[in-house]
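Quick mapping for you: the protein sequence lines, in order, are chains W and V. FYI, the numbering for the first sequence is 223 to 623, going by the numbering used here. FYI, the numbering for the second sequence is 56 to 354, going by the numbering used here. Backbone N, C-alpha and C define an ideal beta-carbon position, used for all residues, glycine too. Below is one structure; the comments refer to it alone.
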Amino acid sequence: MRDVYVIGAGVVSAAGSDLGSHIDSFRRRKSGLGKVSLFRTALDVPAGEVSMSNSELRRELSLPGKPVISRTALLGMKAASQAFEDACSSGFRLKGTIGLICGTSVGGMDISEDFWETHRDDLGEGDISSISMHDCGASTQAIASYLKSIAGCPGFDFITTISTACSSAGNAIMLGARMIRSGQLDYAIVGGMDSLCRFTLNGFNSLMILDSKPCRPFDATEAGLNLGEGAGFLILASDVSCRQAYCRVTGWSNVDEAFHQTGSSPEGDGPYMAMSQALAVAGLKPSEISFVNTHGTGTPSNDLSESSALIRLFQDHVPPFNSLKAYFGHTLGASEGVEAVCCAAAVKYGIKIGSLNFSRPIPGTGLVPYTGFEEGAGIDNIISNSFGFGGNCSSLVFSKL
Amino acid sequence: MRHCYINGYALIISVDGFDSVDRDDSKAFFDCLYNGSHVPRDSFDYKKIISDGNLRRRMGPLVKSGVAAGLLCLDGVPSDSVGGIVTATGLGFLSDTERFMNDMIDRNESMLNPSPFMQSTFNTVGSHIAMIRGIHSYNMTYVHRGFSFESALSDAMMLIDEGAETVLAGGFDEMTFPVHKLLVRLGSAPKFQNGEISGFVLLSSIRTGNTFAELHCVKTRYGHFSEENLEKWRSDVALSYGTDLESAGIFDCDSSVSGPYMTDSASVLCNALEKGSGKTFIRNDFCGKNHSLILLDIL
């Protein structure tokens with residue numbers, strides 16, 4: 223069994239265009255949530271948009287005007303190439319068997335929904351190439367081609383796409399870690415990407431779980447989530463001589479709560495099982511966890527469930543915990559990609575990142591999230607959670623080298 | 056690697072409009088292949104497999120088909136012995152996606168029914184099976200074109216190797232008339248125009264009297280290669296498992312009933328389990344870029 227190291231990281235979200243700008247947002251406690259400006263929608267809710275338009279992203283990535291590329295893929299290319307360059311700048315050269323594993327929930331829906339609205343009455347019309355990126359795998363393959371075009375990035379021996387709703391990227395990281403541990407891969411580029419679109423915005427609105435104000439995770443007045451977009455990727459490696467690595471991925475788990483298609487049990491069965499099993503894989507006791515990065519969407523259902531699980535697992539010694547959702551929204555399939563990058567940096571630099579928009583705890587749980595900001599804090603092990611529709615609960619453990 | 060056996064399989068095909076010679080173009084085609092026998096259409100009843108009427112009525116066509124095929128495979132298997140449910144779909148629940156999209160446009164983004172949105176989520180089949188059977192273990196969904204089912208099957212094998220006793224793995228996709236029209240324009244439409252196909256297998260670490268096959272490996276290879284290069288790759292895979300392509304039975308995805316279809320290998324595997332014997336390869340070269348080989352020994 224081989225150890226799994228994080229040797230590179232890249233991220234883009236409403237909180238910033240790279241890892242440094244994310245840390246800066248956390249330091250200044252600055253939220254990236256705002257009005258939807260990049261596409262037309264009848265809904266007036268806050269969202270976490272990446273500030274760059276598609277053409278700005280294409281320009282930065284040096285991609286010529288054609289062919290069609292979904293925003294989901296563009297965001298993924300940006301974060302994954304940052305992660306790759308980050309690993310290279312630390313002196314790593316990716317060789318041996320290499321995998322690319324992406325998580326996404328919408329794929330190319332941002333383009334398909336426009337095509338459908340315009341042409342659904344006459345499907346013989348319109349530029350057919352614009353729907354060629356509808357399926358999720360198309361975005362991953364576009365990212366693979368882009369990475370291959372970067373000098374020093376060899377091809378991929380393994381490539382796949384995962385979609386388990388909001389835990390997609392968490393499960394992509396877990397698969398990469400398992401494949402490295404078992405020796406099937408030497409390096410894995412893992413994470414997730416999702417762009418905002420009307421389809422998902424309206425989907426969550428139809429479920430009545432969007433807050434018309436900025437989300438307030440774990441606060442007594444919390445009333446729902448805000449959606450976001452972005453991408454986050456890690457480079458995982460088995461190389462035990464890594465001195466410039468961020469951290470190790472020591473624990474992981476994927477369980478199904480099997481309770482409700484879109485709701486969470488108030489007792490937190492799924493989150494409890496996920497965190498307990500991830501600790502077991504890591505060989506850690508609850509008392510060895512320094513910090514918990516919760517899924518913490520801001521919906522009363524999720525946050526009660528997750529709080530119950532934290533109390534069940536840690537009892538009177540719940541470690542400091544946060545939710546990052548008020549910085550960039552819930553980025554769905556990308557969420558654990560974006561947040562895993564933040565966790566990897568938190569372990570490496572000993573950063574404690576504080577929750578936003580908290581004033582008093584949920585009655586009944588009394589749990590108070592960490593709301594400060596601290597560097598050089600010394601963090602040994604972080605648990606990071608992501609939960610999705612269908613009862614999918616995933617937890618990862620990031621540990622100091 | 057621990058040995059990995061296939062102890063059950065179920066395939067449900069319900070489609071319209073084949074253009075092949077041996078099937079009537081104008082008539083809907085139905086088949087359910089379950090552990091070696093065909094269930095006649097008259098005696099096949101979704102109600103018997105998915106007994107919760109409210110749940111069943113809310114299900115879109117592919118959700119119902121996928122859940123039913125998965126539950127058939129799990130029939131008689133204790134829930135606590137299931138170490139994972141791993142599903143695959145290329146395009147997901149198209150009927151539900153279209154329904155929600157049309158509602159959103161027609162109703163100008165207000166007062167929308169959330170059911171088709173919830174069901175358009177790719178992991179819906181896997182999670183429904185988990186909920187119906189109370190299975191709390193690993194639950195995963197792969198959505199990568201011609202690699203979707205291969206990824207699921209290879210993850211399921213890895214779970215067996217990691218210690219799971221039983222793992223359910225399946226692939227499913229549907230076609231709707233509008234999407235078929237679009238795929239014709241893109242030059243990659245399957246041979247049927249409307250309907251759904253779901254294929255599941257039950258993997259186990261234990262060989263029993265009901266074991267159908269031993270699964271040896273699932274290999275994928277991504278990119279454009281010359282036919283010569285691909286043939287060498289396939290031979291090398293065969294060789295590493297002590298066989299060669301000439302002496303093994305080969306089932307090709309493009310020759311099956313469904314034509315170019317993202318999770319075709321799931322139904323081809325089920326057909327191979329019924330018709331094949333001995334060393335068998337399932338060969339897939341989806342869109343000239345997603346190449347895969349599944350090697351099994353059919354008992």
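Taking C-alpha atoms, which residue in W:440, W:416, W:489 lies nearest to residue 328 of chain W?
Along the first sequence, read from residue 1 onward, the residue named residue 328 of chain W stands at position 106. Selected option, being the one with the closest Cα: W:416.
Just to confirm the assignment, what range does the beta strand (DSSP E) spanning residue 468 of chain W have?
Here residue 468 of chain W corresponds to residue number 246 of the first sequence, with the count starting at 1. Here residue 468 of chain W belongs to no beta strand (DSSP E), and DSSP marks it neither H nor E.
With distances taken from CA atoms, which of W:308, W:271, W:279 is nearest residue 295 of chain W?
The residue you call residue 295 of chain W lines up with position 73 of the first sequence. Among W:308, W:271, W:279, the Cα nearest to that of residue 295 of chain W is on W:279.
Taking Cβ positions only, does residue 76 of chain V come closer than 8 Å to chain W?
Against the second sequence, residue 76 of chain V aligns to sequence position 21. In this predicted model, residue 76 of chain V has a pLDDT of only 45, less than 50, meaning its place in the structure is not dependable enough to derive any value.
Would you mind telling me which residues of chain V sit closer than 8 Å to residue 381 of chain W, beta carbon to beta carbon, in chain order?
For the purposes of this step, residue 381 of chain W is taken as residue 159 along the first sequence, with counting starting at 1. Under the 8 Å cutoff, chain V gives 199, 202, 275, 277.
Out of V:70, V:277, V:351, which has the shortest C-alpha to C-alpha gap to residue 324 of chain V?
Taking the second sequence and counting its residues from 1, one reaches residue 324 of chain V at position 269. Closest by alpha carbon: V:351.
Let me check one thing: in DSSP terms, what residues is residue 441 of chain W bridge-paired to?
Looking up residue 441 of chain W in the first sequence gives position 219. Secondary-structure assignment with DSSP links residue 441 of chain W through a beta bridge to W:583.
Using a Cβ cut-off of 8 Å (strictly closer), state whether residue 164 of chain V contacts chain W.
The residue you call residue 164 of chain V lines up with position 109 of the second sequence. Residue 164 of chain V counts as touching chain W.
If we cut at 8 Å on Cβ distances, does residue 612 of chain W have a partner in chain V?
Stepping through the first sequence from its first residue, residue 612 of chain W is reached at position 390. It does; some Cβ of chain V falls within 8 Å.
For residue 326 of chain V, does the count of other Cβ atoms within 10 angstroms reach 16, so buried, or fall short, so exposed?
Looking up residue 326 of chain V in the second sequence gives position 271. Buried, because 16 or more other Cβ atoms sit within 10 Å of the Cβ of residue 326 of chain V.
Determine which residues of the segment 335-349 of chain V have a Cβ less than 9 Å from any Cβ of chain W, and write them out in chain order.
344, 345
Give me, in chain order, the residues of the same chain whose beta-carbon lies closer than 7 Å to that of residue 182 of chain V; leave out the 5 immediate sequence neighbours on both sides.
On the second sequence, residue 182 of chain V is found 127 positions in, with the first residue counted as 1. 194, listed in sequence order.
Are three or more beta carbon pairs between the segment 294-309 of chain V and the segment 100-117 of chain V nearer than 8 Å?
no
Name the chain W residues whose beta carbon is nearer than 9 Å to that of residue 193 of chain V?
Counted from its first residue, the second sequence places residue 193 of chain V at position 138. Within chain W, the residues near residue 193 of chain V are 475, 476, 477, 478.
Could you name the residues of chain V that residue 350 of chain W contacts, counting a contact when the two beta carbons are closer than 8 Å?
Position 128 of the first sequence, counted from the first residue, corresponds to residue 350 of chain W. In chain order: 237, 240, 241.
Under 8 Å, do residue 236 of chain V and residue 345 of chain W count as touching if we go by C-beta distance?
Here residue 236 of chain V is taken as the residue at index 181 of the second sequence, counted from 1. Here residue 345 of chain W is taken as the residue at index 123 of the first sequence, counted from 1. Cβ atoms of residue 236 of chain V and residue 345 of chain W: closer than 8 Å.
Residue 372 of chain W and residue 411 of chain W look like a contact to me (Cβ under 8 Å); what is the Cβ gap, rounded to whole Å?
Position 150 of the first sequence, counted from the first residue, corresponds to residue 372 of chain W. Position 189 of the first sequence, counted from the first residue, corresponds to residue 411 of chain W. Cβ-Cβ separation between residue 372 of chain W and residue 411 of chain W: approximately 11 Å, too far for a contact (criterion under 8 Å).
Identify every residue that forms a DSSP beta bridge with residue 495 of chain W.
Walking along the first sequence from the start, residue 495 of chain W turns up at place 273. In the DSSP output, where bridge partners are listed per residue, residue 495 of chain W has none listed.
What residues of chain W sit near residue 244 of chain V, judged by a beta carbon separation below 9 Å?
Mapped onto the second sequence, residue 244 of chain V falls at position 189. In chain order: nothing, as chain W lies at least about 12 Å away.
If I'm right that residue 163 of chain V touches residue 391 of chain W with Cβ under 8 Å, what's the distance once you round it to whole angstroms?
Residue 163 of chain V sits at position 108 when you count from the first residue of the second sequence. Residue 391 of chain W sits at position 169 when you count from the first residue of the first sequence. Actually they are not in contact, since the Cβ atoms of residue 163 of chain V and residue 391 of chain W sit about 32 Å apart, beyond 8 Å.
With DSSP run on the structure shown, which of helix, strand or coil describes residue 63 of chain V?
By 1-based counting over the second sequence, the position of residue 63 of chain V is 8. Reduced to three states, the DSSP call for residue 63 of chain V is strand.
When the distance is taken between beta carbons, is residue 578 of chain W closer than 8 Å to residue 251 of chain W?
Walking along the first sequence from the start, residue 251 of chain W turns up at place 29. Walking along the first sequence from the start, residue 578 of chain W turns up at place 356. In this structure, residue 578 of chain W lies closer than 8 Å to residue 251 of chain W by Cβ.
Secondary structure at residue 375 of chain W, three-state DSSP: helix, strand or coil?
Along the first sequence, one-based indexing puts residue 375 of chain W at 153. Reduced to three states, the DSSP call for residue 375 of chain W is coil.
Along the segment 400-411 of chain W, what residues have a CB closer than 9 Å to any CB found in chain V?
Correct list: 400, 401, 404, 406.
With 8 Å as the threshold, decide whether the Cβ of residue 280 of chain V is near any Cβ in chain W.
By one-based count along the second sequence, residue 280 of chain V stands at place 225. Taking Cβ atoms only, chain W never reaches closer than 8 Å to residue 280 of chain V, which makes this a no.
With distances taken from CA atoms, which of W:272, W:226, W:249 is nearest residue 449 of chain W?
Indexing the first sequence from 1 puts residue 449 of chain W at position 227. It is W:272 whose Cα lies nearest to the Cα of residue 449 of chain W.
Under 8 Å between the Cβ atoms of residue 510 of chain W and residue 491 of chain W?
The residue you call residue 510 of chain W lines up with position 288 of the first sequence. The residue you call residue 491 of chain W lines up with position 269 of the first sequence. Result no, Cβ atoms of residue 510 of chain W and residue 491 of chain W do not sit closer than 8 Å.
Tell whether a beta-carbon distance below 8 Å holds between residue 337 of chain V and residue 320 of chain V.
Against the second sequence, residue 337 of chain V aligns to sequence position 282. Against the second sequence, residue 320 of chain V aligns to sequence position 265. Contact flag set, yes.
Residue range of the beta strand (DSSP E) that residue 382 of chain W falls in?
As a working mapping, residue 382 of chain W is identified with position 160 in the first sequence. Run containing residue 382 of chain W: 380-384, per the beta strand (DSSP E) assignment.
For a test of the three-state rule: what should DSSP assign to residue 202 of chain V, helix, strand or coil?
Locating residue 202 of chain V in the second sequence gives position 147, where the first residue counts as 1. Reduced to three states, the DSSP call for residue 202 of chain V is helix.
Can you tell me which of the three DSSP states residue 342 of chain V falls into?
In the second sequence, residue 342 of chain V corresponds to position 287, counting from 1. In this structure, residue 342 of chain V counts as coil in the three-state DSSP scheme.
Using a Cβ-Cβ cutoff of less than 8 Å, which residues in the same chain neighbour residue 191 of chain V once the five nearest sequence positions on both sides are dropped?
Residue mapping note: residue 191 of chain V aligns to position 136 of the second sequence, counting from 1. If we look at residue 191 of chain V and ignore the five residues flanking it on each side, its Cβ neighbours are 185.
Among W:454, W:330, W:270, whose alpha-carbon lies nearest the alpha-carbon of residue 228 of chain W?
Here residue 228 of chain W refers to the residue found at position 6 of the first sequence. Out of W:454, W:330, W:270, W:454 has the C-alpha closest to the C-alpha of residue 228 of chain W.
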